[in-house]
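Note sheet for the following structure.
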Ligand code: SF4
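Numbering (this note's numbering), first residue to last: 1111 to 1456.
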């Protein structure tokens, strides 16, 4: 395995200054904006995050605004982005930043790392981009670039590989200051726009002359990927319980998958019409009739929900559920995108 090129920053920073895409979080990269954008961009495509970021910043422009917002307000702004613990942790961290640091993010990687939802990657991104510190931010894109530059024979899923690249990159950072942020952003940008996961665009790459995989003509052999655990398939039955034009929502438990979000009541298994009516009766809804209303699949990281929906007209509205109008579902109750197909049917 080769070493990372010693002149990585000297090549990449000027390249970035010419090629950086004008993304909203890059204008005015305050610590707060960098932090929120980096959390949003985990598990979310740039194009999808753009609108969310602008709405989030318009609604909650400062750390203090975020700390003062209710959890439901923050989740509503996050609705559709998935991985909702990110939003919950953002708010928790904002409260701590107000309590401990007077509303200013700390310019220290250890203190950042100690905040809820901030791991090595986000701490490195905020430290280097917003504070100009010599701290790398190693995500999947950066790992792929590093693995190709060095022809790394080990899986990039190994913690030891990530740690080794983080250390090697730290040694290649420019002197503290603005160029540190440009170097962090340049590595990400190269991975997102040139050194792509499938076929990298080496003809456009400023690192082609120093890239071990490219020199060997073996770009697509790297990175070595970790073996994926197969996803578990779980059939579920989703109930659109309707009473006098209102639809029942239930709140998910505070811990675990989609914690604390609102959902259409649902149970594990694919129920028959008789079982659907029996379940609705057991909830106290006094069901009158049930009609099938389609199927949908939602994929989580380790789990697939294969859902079958039933629209059930009910003569009673037990208070174990919240009975909502369409306007309330839009404005107040964050229903995760897992249920989007059913949401569109009512
Ligand atoms: S030369 Fe090709 S494989 Fe190497 S870093 Fe550039 S785009 Fe990636």
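Note that the Cβ used here is the ideal one computed from N, Cα and C, for glycine as well.
Nearest-angstrom Cα separation, counted from residue 1139 out to residue 1289:
Going from the Cα of residue 1289 to the Cα of residue 1139 covers about 13 Å.
Name the DSSP beta bridge partners of residue 1417, please?
1346 and 1406
Exposed or buried, what is residue 1249 when buried is set at 16 or more other beta-carbons lying within 10 Å of its beta-carbon?
buried
Is the beta carbon of residue 1259 less than 8 Å from the beta carbon of residue 1114?
yes
Please tell me whether, using a cut-off of 7 Å, the distance from the CB of residue 1364 to the nearest non-hydrogen atom of the ligand SF4 is below it.
no
Any residue whose CB is nearer than 7 Å to a heavy atom belonging to the ligand SF4, listed in chain order
1255, 1258, 1259, 1300, 1304, 1305, 1310, 1311, 1312, 1315, 1317, 1318, 1321, 1323, 1324 and 1329
Per-residue burial, residue 1340 [other beta carbons within 10 Å of its own, 16 or more giving buried]
With fewer than 16 other CB atoms across the displayed protein chains lying within 10 angstroms of its CB, residue 1340 is exposed.
Taking the alpha helix (DSSP H) that residue 1450 belongs to, which residues open and close that run?
1450-1453
Compute the distance between the beta-carbons of residue 1432 and residue 1371, then report whether it is under 8 Å.
no
Mapping DSSP to helix, strand and coil, what is residue 1430?
coil
Is it right to say residue 1228 is buried, meaning 16 or more other beta carbons lie within 10 angstroms of its own, or is it exposed?
Label assigned to residue 1228: buried.
Please go through the same chain and pick out, in chain order, the residues whose beta-carbon is closer than 7 Å to the beta-carbon of residue 1456, but skip the five residues on each side of it.
Excluding residues within five positions, the ones whose Cβ falls inside 7 Å are 1350 and 1357.
Best match in 1322, 1245, 1323 and 1375 for proximity to residue 1352 [C-alpha to C-alpha]
In this structure, 1375 is the residue among 1322, 1245, 1323 and 1375 with its C-alpha nearest to the C-alpha of residue 1352.
Just confirm the distance between the C-beta atoms of residue 1094 and residue 1297, as a whole number of angstroms; I'd bet it's less than 8 Å.
The displayed coordinates of the chain run from 1111 to 1456. Any statement about residue 1094 would go beyond what the structure contains.
With a 10 Å radius around its C-beta and 16 neighbouring C-beta atoms as the bar for buried, classify residue 1382 as buried or exposed.
exposed
For residue 1333, which residues in the same chain have their Cβ closer than 6 Å to its Cβ, ignoring the five residues on either side in sequence?
1254, 1257 and 1266
Suppose contacts are defined by Cβ-Cβ distances below 8 Å. Is residue 1233 in contact with residue 1222 by that definition?
yes
Sorted by chain position, which residues of the same chain lie with C-beta nearer than 8 Å to residue 1206's C-beta, five sequence neighbours on each side aside?
1225 and 1226
Among residues of its own chain, excluding the 5 on either side of residue 1312, which ones have a beta-carbon nearer than 7 Å to its beta-carbon?
1318, 1324 and 1329
Do you know how far the Cα of residue 1182 is from the Cα of residue 1443?
7 Å
What does a CB cutoff of less than 6 Å around residue 1448 pick up in its chain, not counting 5 residues either side in sequence?
1408
Alpha carbon to alpha carbon, how far is residue 1279 from residue 1247? Give it in angstroms, no decimals.
9 Å
What does residue 1356 pair with, by DSSP beta-bridge criteria?
DSSP, once it has assigned bridges, lists 1353 as partnering residue 1356.
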